[in-house]
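As structure tokens, the structure follows; a few thoughts come after it.
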Amino acid sequence: MTLRKAIAPLRDILHRLATKHEHLIDKEYLFYYQDLYDHTERLLESIDLQREMIVGILEIYLSTINNRMNETMKVLTIFASLFIPLTFIVGVYGMNFNYMPELKWHYAYPAVLLLMVILAACMFYYFKRKKLI
Numbered sequence: 001m002t003l004r005k006a007i008a009p010l011r012d013i014l015h016r017l018a019t020k021h022e023h024l025i026d027k028e029y030l031f032y033y034q035d036l037y038d039h040t041e042r043l044l045e046s047i048d049l050q051r052e053m054i055v056g057i058l059e060i061y062l063s064t065i066n067n068r069m070n071e072t073m074k075v076l077t078i079f080a081s082l083f084i085p086l087t088f089i090v091g092v093y094g095m096n097f098n099y100m101p102e103l104k105w106h107y108a109y110p111a112v113l114l115l116m117v118i119l120a121a122c123m124f125y126y127f128k129r130k131k132l133i
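For the sequence shown, position 133 (counting from the first letter as 1) is numbered 133 according to full-length UniProt numbering, and the numbering increases by one without interruption.
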């Protein structure tokens, strides 16, 4: 951008010299001033083109980063979805209540573990069927 700001006034000056004030310049040098004007015009066009290309490349890069972050968020969401029901079950059985009838049952611990495994497996199967994993 700084280069463009430096060249644009030069182009304007060369244009004025080559067209409006040509009587101040020798005829043999007038062609060179017009040539300089053409070069500065092409240089400005090239700078604009390069700037547009850089903006396009930056947009592609940011889009790629955004897609990667979306994939990461998807994986984290699936893991959280798998563990939230298990955390709820653990939270309920982690409360210190005196009367929880299933705590007195001999097979309560294996039954809760089996319930948690079945729940996680069902959710995993659901996510797999929906092609989220």
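Built from N, CA and C at the ideal position, the CB exists for glycine as well.
What is the DSSP secondary structure of L61, reduced to helix, strand or coil? Working through the sequence shown from its first residue, we reach residue 61 at position 61. Note on residue identity: the sequence assigns Tyr, not Leu, to residue 61. Under the three-state reduction of DSSP, Y61 is assigned to helix.
For K5 and D35, what's the separation of their Cα atoms in angstroms? In the sequence shown, the residue the question calls residue 5 occupies position 5. In the sequence shown, the residue the question calls residue 35 occupies position 35. Their backbone Cα atoms lie some 20 Å apart in a straight line.
Can you tell me whether A111 is buried or exposed? The criterion is at least 16 other CB atoms within 10 Å of its CB, across all chains shown. Against the sequence shown, residue 111 aligns to sequence position 111. Exposed, because fewer than 16 other Cβ atoms sit within 10 Å of the Cβ of A111.
8 Å Cβ shell around K74 - same chain, five flanking residues per side excluded: Residue numbering aside, residue 74 sits at position 74 when the sequence shown is read from its first letter. For K74, the CB contacts under 8 Å within the same chain, skipping 5 residues up- and downstream, are L132 in chain order.
In angstroms, rounded to a whole number, what distance separates the CA positions of F97 and E71? Here residue 97 corresponds to residue number 97 of the sequence shown, with the count starting at 1. Here residue 71 corresponds to residue number 71 of the sequence shown, with the count starting at 1. Computed Cα separation, rounded: 42 Å.
For the alpha helix (DSSP H) that Y109 lies in, which residues bound it at each end? Taking the first residue of the sequence shown as 1, we reach residue 109 at position 109. Y109 -> alpha helix (DSSP H) spans 108-129.
Segments of 4+ residues assigned as alpha helix (DSSP H) that fall wholly inside the segment 43-107: Whole alpha helix (DSSP H) segments, 4+ residues: 101-104.
So, does the segment 85-92 touch the segment 118-127, judging by three or more C-beta pairs under 8 Å? As far as the Cβ criterion goes, the segment 85-92 touches the segment 118-127, which means the pair count is three or higher.
Range covered by the alpha helix (DSSP H) that runs through D12: Reading the sequence shown from its first residue, position 12 is the one you call residue 12. Counting along the chain, the unbroken alpha helix (DSSP H) around D12 starts and ends at 2-19.
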